[in-house]
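Going down the list, the protein sequences come from chains A and B.
Here the first sequence is numbered in my numbering, starting from 274 and rising by one per residue.
Here the second sequence is numbered in my numbering, starting from -18 and rising by one per residue.
Even glycine gets a Cβ: it sits at the ideal position worked out from N, Cα and C.
Quick caveat, the model's predicted, so the values are computed rather than measured.
Reviewing the structure listed below.
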Amino acid sequence: NAGVTQTPKFQVLKTGQSMTLQCAQDMNHEYMSWYRQDPGMGLRLIHYSVGAGITDQGEVPNGYNVSRSTTEDFPLRLLSAAPSQTSVYFCASTKGGLHAGELFFGEGSRLTVL
Amino acid sequence: LAKTTQPISMDSYEGQEVNITCSHNNIATNDYITWYQQFPSQGPRFIIQGYKTKVTNEVASLFIPADRKSSTLSLPRVSLSDTAVYYCLVNQAGTALIFGKGTTLSVSS
């Protein structure tokens, strides 16, 4: 059972470039989300989805787009990367439902924007 | 969105019991409380979840008073490997799961 898989693990971009961080889960979870983690800031929610076709903004959505065309996949797109988006990104999923259960996290993607 | 408040940091010594308290004043009737642990360069991992009173597993205990406006994670006899960041979350049905800054626990020998 693979759990939550994130790719790539490391990426270096130049300012203005675009890229997509991939996230896939094989647990048939309804809820998926993206967080970014910066030193001293904890984890901040970027976007989340409560099911296929449904997405919503989190705490820090600016500069990021998401889509949820299938239950399994929840890609995060940076359309025009900025140095402020240098961070570690975590994708997470949970079964959802009445109160949501345990969040399962990917291993993280470390992004550097020059 | 449910907001939680935790101490920024705590220090302890090996073998001591550590209690981390989280405040969640606007918790709703159907919300659960969940705690996570995060080590450097890793994603958070689930520790324990509860709704009211006391929940215990092989790792920790979670105490929730009757008004449910706070909760306390109790780690018995901590070791150096318990040095990590601990997050308290309020799970609201169908909404975003917000982590906050967490509590950095440092365990010394």
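Against chain A, with Cβ distances strictly below 7 Å, would residue 25(B) count as a contact?
yes
So with CB distances below 9 Å, who are the chain B contacts of residue 314(A)?
82
Contact the stretch 28 to 38 of chain B vs the stretch -12 to -2 of chain B: 3+ CB pairs below 8 Å
no
Closest to residue 275(A) by C-alpha separation, out of 345(A), 289(A) and 293(A), would be which residue?
345(A)
So which of 10(B), 3(B) and 88(B) has the shortest CA-CA distance to residue 58(B)?
88(B)
For residue 379(A), return the contacting residues in chain B, with the cut-off set at a CB-CB distance below 7 Å.
Chain order gives the chain B residues near residue 379(A) as 24, where near means a beta carbon separation below 7 Å.
Could you tell me whether the Cβ of residue 363(A) comes closer than 7 Å to any Cβ of chain B?
Interface residue, yes.
I want to know whether the stretch 20 to 30 of chain B touches the stretch 3 to 10 of chain B - three or more CB-CB distances under 8 Å.
no
Which first and last residues belong to the beta strand (DSSP E) in which residue -13(B) is found?
Element bounds for residue -13(B): n/a, residue is neither H nor E.
At the 7 Å Cβ level, is residue 47(B) part of the contact set with chain A, yes or no?
no
What does DSSP give as the partner residue(s) for residue 351(A) in the beta ladder?
292(A) and 337(A)
Going by DSSP, what residues sit across from residue 330(A) in a beta bridge?
320(A)
Rounded to whole angstroms, what's the CA-CA distance from residue 322(A) to residue 363(A)? Just pull it up for me.
14 Å
Within the stretch -14 to 20 of chain B, note down every full alpha helix (DSSP H) run reaching 4 residues or more, in order along the chain.
none
Can you tell me whether DSSP reads residue 387(A) as helix, strand or coil?
coil
When Cβ atoms are compared, which residues of the stretch 326 to 348 of chain A fall closer than 9 Å to chain B?
329, 330, 331 and 332
Answer yes if the stretch 38 to 55 of chain B comes into contact with the stretch 72 to 82 of chain B, meaning at least three C-beta pairs across the two stretches below 8 Å, and no otherwise.
At 8 Å Cβ cutoff, the stretches do not touch.
Within chain A, partners of residue 167(B) - CB distance below 9 Å:
In the structure as shown, chain B starts at -18 and stops at 90, and residue 167(B) therefore has no counterpart that could be examined.
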